[in-house]
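Asker:
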Amino acid sequence: MIFIIFSSILTALSMPGFLWGGFIWFSLILLFKGLEKKKFWVSALYSFVFYYVFSFISLFWVIPVLTKNLPDFFGKFSSFTGFGVFLLLCFIEALPFLIFGSLYGYFVPKIRGKFTKALFVASIYSISEYIRGIGDLGFTGGRLSDALFKDIGIIQTVSIFGTIGLTFLIVFLNFMFYLNLKSPNKFLTKTAISISLIYLLNSIVLSFLPLNTANIPVVAVQTNYDQLVKYSKPSSEILKDIENLIKNTPNHLHIFPEATFPSEDIRFTKVEAELKGISINKPLIIGFPISEESKDYNSAVVYVNRENVGHYDKIKLFPFVEFLPYNKIFKKFSFLKGVLYFTPGNEEKIFEIPNYPKLGIQICFESYFPEISRKLSLKGAESLITITNDGWYDYDTALWQHFSKSVFRAIENRRYMIQVSNKGITGVIDKFGRITQILPTRKEGFAIFNIEPNNKKTIYTTFGDWFIIVSLILALVIPIFFKTSLRKF
Numbered sequence: 001m002i003f004i005i006f007s008s009i010l011t012a013l014s015m016p017g018f019l020w021g022g023f024i025w026f027s028l029i030l031l032f033k034g035l036e037k038k039k040f041w042v043s044a045l046y047s048f049v050f051y052y053v054f055s056f057i058s059l060f061w062v063i064p065v066l067t068k069n070l071p072d073f074f075g076k077f078s079s080f081t082g083f084g085v086f087l088l089l090c091f092i093e094a095l096p097f098l099i100f101g102s103l104y105g106y107f108v109p110k111i112r113g114k115f116t117k118a119l120f121v122a123s124i125y126s127i128s129e130y131i132r133g134i135g136d137l138g139f140t141g142g143r144l145s146d147a148l149f150k151d152i153g154i155i156q157t158v159s160i161f162g163t164i165g166l167t168f169l170i171v172f173l174n175f176m177f178y179l180n181l182k183s184p185n186k187f188l189t190k191t192a193i194s195i196s197l198i199y200l201l202n203s204i205v206l207s208f209l210p211l212n213t214a215n216i217p218v219v220a221v222q223t224n225y226d227q228l229v230k231y232s233k234p235s236s237e238i239l240k241d242i243e244n245l246i247k248n249t250p251n252h253l254h255i256f257p258e259a260t261f262p263s264e265d266i267r268f269t270k271v272e273a274e275l276k277g278i279s280i281n282k283p284l285i286i287g288f289p290i291s292e293e294s295k296d297y298n299s300a301v302v303y304v305n306r307e308n309v310g311h312y313d314k315i316k317l318f319p320f321v322e323f324l325p326y327n328k329i330f331k332k333f334s335f336l337k338g339v340l341y342f343t344p345g346n347e348e349k350i351f352e353i354p355n356y357p358k359l360g361i362q363i364c365f366e367s368y369f370p371e372i373s374r375k376l377s378l379k380g381a382e383s384l385i386t387i388t389n390d391g392w393y394d395y396d397t398a399l400w401q402h403f404s405k406s407v408f409r410a411i412e413n414r415r416y417m418i419q420v421s422n423k424g425i426t427g428v429i430d431k432f433g434r435i436t437q438i439l440p441t442r443k444e445g446f447a448i449f450n451i452e453p454n455n456k457k458t459i460y461t462t463f464g465d466w467f468i469i470v471s472l473i474l475a476l477v478i479p480i481f482f483k484t485s486l487r488k489f
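The letter at position 57 of the sequence shown is residue 57 when you use this note's numbering, and the numbering goes up by one with no holes.
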């Protein structure tokens, strides 16, 4: 079990906001060592523990949100209850790895050939990871590929294979390194040389990427409201703050965070009339809830030349806080409800603003899920925007884990990606995943970001997570055609 725990810790420390992403190339070796010669049910349990401990560490920033920030703000539950919810979150995250561990313990000892074993292990890990990201409780935070968000050369592969393909590669190499453990000298030499070659390749690819030539300016506005202030301040006062903040900004498109007006549908009010006036010279994208036909939506609204030209309603809502998933099972968890329960939107939307690329907008949590950006790109988005709040978090680790997702979304679709946050990271990423500019976190201000259109479709944009099909085929075929009757492993 000690190998399992150390593997969890090292893998967590490779995540964005922690120590070094390079740990990911060897952090799973100890996991495989810990699973060695274990029965399938023990392997399942150990794999569950691995991911539970990993989630507990990598998502530690959720603890103060659930034990202090939300209880203090809403007063609906205690810190003790909040910590219990966090433990349940880690439990849910780890459940798919019971599948990984079971298949690992049952089949790997029966598969002949080091290469085929590694392919099988990478396949079943990728399948478990994919399962973790689907459904109403799906979450992709902590995907192994996240560790490499700064290694721009290596992660160009996601424009073809997606992050599932990159996760497959990481697990495959870790397992190949593990197989050399029985020869310590060979293990150290081969592992060191392999990782060195990976980073040499990363540098070579990076040197060949085209220079950034974006020249279409937009203004990203970071409002920096504390949550208690934000939700208690009248919309008219928030409007005054906005007007003061942008009074000297140039006449470009202005993008504001999610829920800039947090708890009121300001349409058809004096506040909206003022925003429409501003939009004569400064088109606006701004977040606030919309109420229609007794349903509430978390929306991004677009104003151009005195007109409300449309809005995008968030499709992928945050479970328990923005909506209650699987109501019959989790109805007792309704105390986690935020200001409102929202209805999910039903379609991705593209906004055409004169003199700007066709824009696809997503909101907060949605940047964790590649299918949102992909569908926007398929519908014609030439640049992508994420507006977010990120005001509940006390640690920058949370902010970097969120922002790193935009790096992958940019590369997957070869689109410029802007994230505009209330208190988190406001920045722009070019179509090759390079972070070209960011604002300091937790400070009011604005920045002028440059973007450019791109309407070409990558392999990933066209086919999505096709590599999961490859993983499924390998996971089915290898145990059948490469089995051995001897338990040598």
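Quick reminder that beta carbons are idealized off the backbone N, C-alpha and C, glycines included. Note that the structure is predicted; figures quoted are calculated from it, not measured.
Pull up the distance between the alpha-carbon of K483 and that of Y393, whole angstroms please.
Answerer: Their backbone Cα atoms lie some 49 Å apart in a straight line.
Asker: Could you tell me the distance, in whole angstroms, from the CA atom of G433 to the CA atom of V420?
Answerer: Taking the straight line joining both Cα atoms gives about 16 Å.
Asker: What does DSSP give as the partner residues of K295 in its beta bridges?
Answerer: Answer is E292, bridged to K295.
Asker: According to DSSP, is E237 part of a helix, a strand, or is it coil?
Answerer: Note: E237 maps to helix in three-state DSSP.
Asker: Once the 5 residues before and after A27 are set aside, which same chain residues still bring their CB inside 7 Å of it?
Answerer: As written in the sequence, residue 27 is Ser, which differs from the Ala given in the question. Once the five neighbours on either side are set aside, the close Cβ partners of S27 are S7, L10, T11, S14.
Asker: For V76, count neighbouring C-beta atoms within 10 Å of its own C-beta (all shown protein chains included) and say buried if the count is 16 or more, exposed if not.
Answerer: In the sequence under discussion, the amino acid at residue 76 is Lys, which differs from the Val named in the question. So K76 ends up on the exposed side.
Asker: Using the three-state DSSP reduction, which class does F481 fall into: helix, strand or coil?
Answerer: Note: F481 maps to helix in three-state DSSP.
Asker: When DSSP labels each residue in this structure, what does I435 get in the three-state scheme?
Answerer: In the structure shown, I435 sits in a strand (DSSP, three-state: E or B).
Asker: Is G34 near I63, with beta carbons less than 8 Å apart?
Answerer: Cβ atoms of G34 and I63: not closer than 8 Å.
Asker: Quick one, are the C-beta atoms of G310 and K349 less than 8 Å apart?
Answerer: In contact: G310 and K349 (Cβ atoms closer than 8 Å).
Asker: Just list the beta strand (DSSP E) runs in the segment 12 to 90, keeping only unbroken ones of 3 residues or longer that don't cross its boundaries, in chain order.
Answerer: DSSP runs (the beta strand (DSSP E)) wholly in the segment 12 to 90: none.
Asker: From the DSSP output, in three-state form, read off H252 for me.
Answerer: H252: coil per DSSP, three-state reduction.
Asker: Would you kindly report the start and end of the unbroken beta strand (DSSP E) that includes F446?
Answerer: Note, F446: beta strand (DSSP E), 445 to 451.
Asker: Within a Cβ cutoff of 8 Å, which residues of the same chain sit near F187, ignoring the five residues on either side of it in sequence?
Answerer: Closer than 8 Å at Cβ, skipping near neighbours: F177, N180, L181.
Asker: What three-state label does DSSP hand K488 in the structure shown?
Answerer: For K488, the pLDDT reaches just 47, beneath the cut-off of 50, and the residue's location in the model is therefore unreliable, although a value from the coordinates is still provided. Coil at K488, not helix or strand.
Asker: By DSSP's criteria, M417 is part of a beta bridge. Which residues make up the other side?
Answerer: For M417, which the question treats as bridged, DSSP gives the partners L384, I429.
Asker: When DSSP labels each residue in this structure, what does E307 get in the three-state scheme?
Answerer: Three-state DSSP puts E307 in a strand.
Asker: Measure the alpha-carbon distance for K379 versus G360 and round it to whole angstroms.
Answerer: One C-alpha to the other measures close to 9 Å.
Asker: Relative to the alpha-carbon of R374, which residue among E352, L399, T397, S406 has its alpha-carbon at the smallest distance?
Answerer: Nearest of E352, L399, T397, S406 to R374, Cα basis: S406.
Asker: Measuring straight from C-alpha to C-alpha, what distance separates Y460 and K230?
Answerer: The alpha-carbon atoms of Y460 and K230 are separated by roughly 39 Å.
Asker: Are there three or more Cβ pairs, one per stretch, closer than 8 Å when the segment 238 to 247 is compared with the segment 205 to 225?
Answerer: Because the criterion of three Cβ pairs below 8 Å is met, the segment 238 to 247 and the segment 205 to 225 touch.
Asker: Please list, in chain order, all residues of the same chain as N454 whose beta carbon is under 7 Å from its beta carbon, the five residues on each side excluded.
Answerer: Answer for N454: E382, R414, R415, K431, listed in chain order.
Asker: Could you check if E347 is buried or exposed, using at least 16 other CB atoms within 10 Å of its CB as the buried criterion?
Answerer: By the neighbour-count rule (16 or more Cβ atoms within 10 Å), E347 is not buried but exposed.
Asker: Within its chain, find whatever has a CB closer than 6 Å to the CB of E272; leave out the 5 residues flanking it on each side and keep chain order.
Answerer: Only I266 meet the Cβ criterion.
Asker: Less than 8 Å separating the beta-carbons of E67 and S58?
Answerer: The question names Glu, but residue 67 in the sequence shown is Thr. No, the pair does not count as a contact, with Cβ atoms beyond the cut-off.
Asker: What separation, rounded to the nearest whole angstrom, lies between the Cα atoms of F261 and D313?
Answerer: Each residue's Cα considered, the two are about 15 Å apart.
Asker: What do you get for R306, buried or exposed, if any count of 16 or more other CB atoms within 10 angstroms of its CB means buried?
Answerer: The residue is exposed, with fewer than 16 neighbouring Cβ atoms inside 10 Å.
Asker: Smallest Cα separation from R132: which of Y104, L89, L166?
Answerer: The candidate whose alpha carbon is nearest that of R132 is L89.
Asker: With burial defined as no fewer than 16 other Cβ atoms inside 10 Å of the residue's Cβ, what is the status of W25: buried or exposed?
Answerer: Answer is buried; the Cβ neighbour count reaches 16.
Asker: Is it right to say K488 is buried, meaning 16 or more other beta carbons lie within 10 angstroms of its own, or is it exposed?
Answerer: Its pLDDT being 47, under 50, K488 is placed unreliably in this model, and the value from its coordinates should be taken loosely. With fewer than 16 other Cβ atoms within 10 Å, it is exposed.
Asker: How far does the beta strand (DSSP E) with P217 in it extend, from its first residue to its last?
Answerer: Per DSSP, P217 belongs to the beta strand (DSSP E) from 216 to 222.
Asker: For E366, does the three-state DSSP call read helix, strand or coil?
Answerer: In this structure, E366 counts as helix in the three-state DSSP scheme.
Asker: Using alpha carbons as the reference points, say which of K456, I418, E352, E452 lies closest to I438.
Answerer: Minimum Cα distance to I438 is reached at I418.
Asker: Hey, is the segment 84 to 101 in contact with the segment 38 to 54, meaning 3+ C-beta pairs nearer than 8 Å?
Answerer: Yes, they touch.
Asker: DSSP three-state label for G141, please.
Answerer: If DSSP states are grouped into helix, strand and coil, G141 belongs with coil.
Asker: Just to confirm my understanding: we take F333, look at its own chain, exclude 5 residues before and 5 after, and list those with CB closer than 6 Å. What are they?
Answerer: Once the five neighbours on either side are set aside, the close Cβ partners of F333 are F320.
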